[in-house]
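Here is the structure we will look at.
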Amino acid sequence: MNVISDVAHSYSTLFQCFFSWKVRTSSDAAMRGAQVILAQSFGLAGDGIPGGASNEAMAKIVRELHRQYELPMVLQWEIADCLIDLPMVGVVREHRKFGKYLDTREVLVQSFLVCKKQGWTRVIVVAHPDHIWRVKKVAEKLGLDVFIPDTSSVPYDPHSIQSWTRNKIRFIPREIAARLLYFIKDWL
2 MNVISDVAHS YSTLFQCFFS WKVRTSSDAA MRGAQVILAQ SFGLAGDGIP GGASNEAMAK
62 IVRELHRQYE LPMVLQWEIA DCLIDLPMVG VVREHRKFGK YLDTREVLVQ SFLVCKKQGW
122 TRVIVVAHPD HIWRVKKVAE KLGLDVFIPD TSSVPYDPHS IQSWTRNKIR FIPREIAARL
182 LYFIKDWL
C-alpha cells in the first residue's frame, strides 16, 4: 500500500508542478501557533540596492506579521535590508558554497538550520504569490510546519535586474522548469 501511496503522491506533486499557482492562506489562529517568520526575496534592485517593488511589498508584510505576532525572523537579505530597524535572528546572504547561486532551496536550508538550532518547527513563510507553492513544498520537505499569510498584494518588479522576476510571462515558464528540477531532485 505504501508503494501505491508514494506513486500517487509523486504523480500528484508532478501534476501540481504545472497547475498549482494558489496556496491556501493560513488563519490568524493557525499563525498564532508559529514560532518564527521566514521570508524569501523575489527579484533584485539594480546595483545591489536593497528592495525593489516585490521585496519592499514583502518587507511590509513581514513588518506587520512581526508587529502582530512578535516573532523572531530569519530573512533573505533583500528583505532584511528593507527592515534594518527590526531585530533578526538570521539573514541569508549567500550560498554556503562559494560562487553558487542562492536559490530557493539554499535559502530554506539555511533558514531551517537556524530554526533547528532554536528548536523551531512551526514557521510563517512569506514569498511572492507565484513562488510560494515551491517555497512551501521545500519547507515542508525539510520537516517544517508551514503557515502562509496573504501575499496576493505583492507585485512583480518591472525594474528587477533578474529578468525572470519582472513579470508573470517571464516568471511562470522558469518557475515550471524550477519546479520540475526540484521534483527530480526530490526537494518537493
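Number 165 in the numbering used here belongs to position 164 of the sequence shown; there are no gaps in the numbering. Where a beta carbon is used, it is the ideal one built from N, C-alpha and C, also for glycine. Remember, it's a predicted structure, so these values are computed and weren't measured experimentally.
Which residues does DSSP list as the beta-bridge partners of residue i?
i    : result
V127 : A40
Could you compute how far the alpha carbon of residue i sits from the alpha carbon of residue j?
i    : j    : result
P150 : I5   : 33 Å
H67  : T14  : 32 Å
M74  : Q163 : 25 Å
C18  : H132 : 11 Å
Y102 : I170 : 22 Å
V147 : R94  : 22 Å
W121 : I38  : 10 Å
Mind checking which residues open and close the beta strand (DSSP E) that includes residue i?
i   : result
L76 : 74–77
V93 : 91–93
Quick check on this structure: which residue in the options has the alpha carbon closest to the alpha carbon of residue i?
i    : options               : result
T105 : N168, S164, L76, D146 : L76
K61  : L72, W78, L45, L84    : L84
Does the Cβ of residue i lie closer than 8 Å to at least one heavy atom of the ligand GDP?
i   : result
E95 : Annotation note on the ligand GDP: not contained in the displayed structure, which lists no ligands.
What is the residue span of the alpha helix (DSSP H) that residue i lies within?
i    : result
D151 : Here D151 belongs to no alpha helix (DSSP H), and DSSP marks it neither H nor E.
H67  : 54–70
A140 : 133–142
C83  : Run containing C83: none; DSSP gives neither H nor E here.
Round the Cβ separation of residue i and residue j to the nearest angstrom and send it over; I've been treating them as touching at under 8 Å.
i    : j    : result
F225 : M59  : With the chain covering 2 to 189 only, the question about residue 225 has no answer from this structure.
K1   : L189 : Since the first and last residues shown for the chain are 2 and 189, residue 1 lies out of range.
L145 : F113 : 7 Å
H160 : G91  : About 28 Å separates the two Cβ atoms, so there is no contact after all.
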